[in-house]
Amino acid sequence: MVRVLSRSTHNSVLESMQKLPYRNRLASLIKLFPELSVDTLRSIVSQECQRRMKCNHGRLTSTETVEVMYSRFTNSVSMGDEPGILLRLSDETGLTPALLARTIVERHYQREDKSKPARHYISTLMKNTALIDDRDLAFETYLCLLEDEDYGPIAEAVKHSLGYEYEMRLRMELDEGNITFLHEEHLRARGYDKTPDVKLEIPVAVDGQVINWIESKALFGDEDAHRGYLKDQLYSYWNRFGPGLVIYWFGFVEDLEKIHQNRIILIRDELPKNMVVMNLNPPKFLSDAGCSKT
Numbered sequence: 000m001v002r003v004l005s006r007s008t009h010n011s012v013l014e015s016m017q018k019l020p021y022r023n024r025l026a027s028l029i030k031l032f033p034e035l036s037v038d039t040l041r042s043i044v045s046q047e048c049q050r051r052m053k054c055n056h057g058r059l060t061s062t063e064t065v066e067v068m069y070s071r072f073t074n075s076v077s078m079g080d081e082p083g084i085l086l087r088l089s090d091e092t093g094l095t096p097a098l099l100a101r102t103i104v105e106r107h108y109q110r111e112d113k114s115k116p117a118r119h120y121i122s123t124l125m126k127n128t129a130l131i132d133d134r135d136l137a138f139e140t141y142l143c144l145l146e147d148e149d150y151g152p153i154a155e156a157v158k159h160s161l162g163y164e165y166e167m168r169l170r171m172e173l174d175e176g177n178i179t180f181l182h183e184e185h186l187r188a189r190g191y192d193k194t195p196d197v198k199l200e201i202p203v204a205v206d207g208q209v210i211n212w213i214e215s216k217a218l219f220g221d222e223d224a225h226r227g228y229l230k231d232q233l234y235s236y237w238n239r240f241g242p243g244l245v246i247y248w249f250g251f252v253e254d255l256e257k258i259h260q261n262r263i264i265l266i267r268d269e270l271p272k273n274m275v276v277m278n279l280n281p282p283k284f285l286s287d288a289g290c291s292k293t
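Going letter by letter, the sequence shown gives residues 0 to 293 in numbering that gives the first Met the number 0.
Given below as structure tokens:
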């Protein structure tokens, strides 16, 4: 399956996304782009959804909008509407199910002086909906969390687990290739603050380029995501350890390496099979080979 996308293909996926409802859009995209990896499409959907929510969250959760949504929810409950009230509101408003549910829960626990409850308290309720004192709201929130692949504690747990899984896969493949390395825990024990997933003890060459470290990303690498990682992580690794490699396991937009210009950071969608370990043994002199000196 294709994981390295041309910019035109990536743009086509994004354009198609905008025309589809939030829920079940992945299934529709799989039919529209059967040549692309499902994991690639899932990651693109998740990243674009998160960006859209960051841009629109303030507008969609203004005080007036929240009051209207909360009134609609309470009215629907009192009228005995079928379960899935918040999911249907999510489809209408464009907020993801988990974000909408959190907004309604915050409104439910709003104090008499109109102040919001503590964020950590709401986060606790979202992680364990059984603690919500309203039975209908608790059930509706639970449904929203189950349906949301991009936000909420369930989605975050899945992403964390996926990231760990692929980091372990990287370590296993390096072990199988007899490539020695230090991982994050080793580096932090030595006092490093910002650390790549893997620091190679003996550098390797990939396509003629020396690599000193490897970073694992269990997601799709588009330009926005990659620029963010460059600023927050990758340039720090480059400054400290030299050239490195980033693996976007679910693919990336082609020509992404051009962003770095003269800073060498290779990008791949798997651990390269053509890695060459540097030979650190000193060359033998003629006398070592059994030749006499002249």
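Even for Gly, the Cβ is constructed at its ideal location relative to N, Cα and C.
query: Distance between Ile121 and Asp206 (C-alpha atoms, nearest Å); result: 50 Å
query: Status (buried if at least 16 other CB within 10 Å, exposed otherwise) for Leu145; result: exposed
query: Beta-carbon proximity check, Asp268 vs Arg6, cutoff 8 Å; result: no
query: Cutoff 8 Å; reference Gly289; Cβ partners in own chain excluding five residues on either side; result: Below a pLDDT of 50, predicted positions are generally treated as unreliable, and Gly289, at 48, falls in that range; the measurement from the model is reported next regardless. Here the set comprises nothing.
query: Residue environment, Met298, which counts as buried when at least 16 other CB atoms sit within 10 Å; result: With the chain running from 0 to 293 in the structure shown, residue 298 is simply not present.
query: Separation of Gly220 from Gly301, as counted between CA atoms; result: Residue 301 is absent from the structure shown; the chain starts at 0 and stops at 293.
query: Exposure label - Val203; buried when at least 16 CB within 10 Å; result: buried
query: Cross-strand partners of Phe180 (DSSP beta bridge); result: Leu199
query: Sheet register partners of Ala204 (DSSP bridge); result: Val209, Val275
query: Span separating the alpha-carbon of Ser160 from that of Ser215; result: 13 Å
query: Reduced DSSP secondary structure (H/G/I, E/B, other) of Phe32; result: coil
query: Of the residues Asp149, Gln232, Lys53, His225, the one placed nearest Asp254, counting alpha carbons only; result: His225
query: Proximity to Gln109 [Cα-Cα], best of Glu66, Trp248, Glu184; result: Glu66
query: Where the alpha helix (DSSP H) through Ile258 begins and ends; result: No alpha helix (DSSP H) contains Ile258, which DSSP labels as neither H nor E.
query: Where Ile362 falls: helix, strand or coil (DSSP); result: In the structure as shown, the chain starts at 0 and stops at 293, and residue 362 therefore has no counterpart that could be examined.
query: Of the listed residues Lys193, Tyr191, Ile210, nearest to Glu200 (C-alpha basis); result: Ile210
query: Complete runs of the alpha helix (DSSP H) confined to the segment 31-64 [at least 4 residues]; result: 37-59
query: Inter-residue Cα distance where the pair is Asp196 and His182; result: 6 Å
query: Those runs of the alpha helix (DSSP H) which lie wholly inside the segment 210-235 and span at least 4 residues; result: 222-228
query: Continuous beta strand (DSSP E) stretch holding Leu244: start and end; result: 243-247
query: Sequence-distant residues of the same chain with beta carbon closer than 7 Å to Arg24, five excluded per side; result: Met16, Val44
query: Same chain, Cβ closer than 6 Å to Pro82, neighbours up to 5 away in sequence not counted; result: none
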